[in-house]
Amino acid sequence: MDLEATQFSHEIIEIGLIKVLINDDLTVKKALKGLKVYVKPKGKIGDLVSRLTGITEDRIEKEGVRFARAQKMVEDYLGKDYRSCLFVTYGNQDAMMFIASAENNLDSDIIAARDISHRCFDFEAFFTRYVSGEHGNCLSLTNALKVFGIEEKERSHDALTDAKDLLLLYEAFLKEKEKVVEKYVESLCRFGKGPGPIRELVRRIAEGQQVGLEDLRELALRDIA
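Take 1 as the starting number for the sequence shown in full-length UniProt numbering and just add one per residue.
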C-alpha cells in the first residue's frame, strides 16, 4: 500500500493498494489488480505536494471521494481478508495518515482507521536492517529497487505505482538472497553493528581470515577484561 497526503494536515489524498495472496514460504501466490482512489481532504493539498504528485485541487474535486467512502472502497476491495490482512508500506507515515484523515472527517470510521494503522508493516524499516545507504540511512524506494537492478517504469509519488514498486522490491528481496547477504555484510563491516567481539569477527571474515569459536571466546574475554 502507498498513500499520498496533504502538505500540512497530512490527510490522505490518494490511496494505492494491491491485494497480494502469500504462500506459506512468504512468496507471492497471486497479486490482484490494484485499487486507486482519490480522496477529498478537509485541508488544502499544498503546492509542494501538487508538484510532486501532479494531484491538484481541481482533480480532487472532480475525481475524489470523501474519506468515509474511501474506507468502504478499501474494505470492499479486500473482501473477506479485510479484517486479517497486513498493510505493507514503505515508511511509517502511512499509518499516521489514516489517523489524520479520520480525525479530520467526523463522518468516517476512526476505529477502522486506527485498526488499519495498527496493522501497517513498515517494510522500509525492515529492509534497512539489511540494506542501507552509505551513511546507514534508509534508502528511498527508487534507490532500494536499484540495489536489485530494477528501474522504475512510471513516475514515483503516484500511490498505485509506488505500491507496485513496493511489491517488486518485496519479491526481489526474497529472490535475490545473495545480493541481500552481500549488502548486509557490507553494512556490518561499514557501520560496526553489534557488540565489539562480533564486529571484530566480521572484520576478520571480510578480510578472508579463518575464525572460529575460540576466536570469539578470546575476543569476548578481552571485551569484559
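Backbone N, C-alpha and C define an ideal beta-carbon position, used for all residues, glycine too.
- One Cα belongs to L216, the other to G54, and the distance between them is close to 55 Å.
- Residue pairing by DSSP places E4 opposite E14 in a beta bridge.
- Here the alpha carbons of I22 and V28 stand approximately 5 Å from one another.
- Boundaries of the alpha helix (DSSP H) around D58: E57 to E63.
- Rounded to the nearest angstrom, the Cβ distance from G16 to V39 is 11 Å, too far for a contact under 8 Å.
- When L201, Y90 and G43 are compared, the shortest CA-CA separation from L169 is found for Y90.
- In the structure shown, F148 adopts coil according to DSSP, grouped into three states.
- Taken in chain order, the complete beta strand (DSSP E) segments of 3 or more residues contained in the region 87 to 168 are 87 to 89 and 120 to 122.
- Taking a C-beta distance under 8 Å as the contact criterion, H10 and A100 qualify as a contact pair.
- For V37, the uninterrupted beta strand (DSSP E) segment begins and ends at L35 to K40.
- CA-CA distance, L139 to T128, rounds to 7 Å.
- Exclusion of the five residues before and after A31 leaves I18, V20 and L167 as the residues of its chain whose Cβ lies within less than 7 Å of its Cβ.
- Counting along the chain, L32 sits inside no beta strand (DSSP E), nor does DSSP assign it H or E at all.
- Spatial neighbours of V37 in its own chain (CB-CB distance under 6 Å, excluding positions within 5 residues in sequence) are listed in chain order as I15, A70 and M73.
- For I22, DSSP records a beta bridge to V28.
- C-alpha of K33 to C-alpha of L174: approximately 22 Å in a straight line.
- Distance from the CA atom of R119 to the CA atom of C85, rounded to whole angstroms, is 8 Å.
- Shown here, R83 sits in coil according to DSSP, grouped into three states, outside any helix or strand.
- Considering only E154, E182 and Y130, the residue with the shortest C-alpha distance to G194 is Y130.
- In this structure, D24 and A68 do not form a Cβ contact; the two beta carbons are roughly 36 Å apart against a cut-off of 8 Å.
- Excluding sequence positions up to five before and after L26, its CB lies within less than 8 Å of the CB of L174, all in the same chain and listed in chain order.
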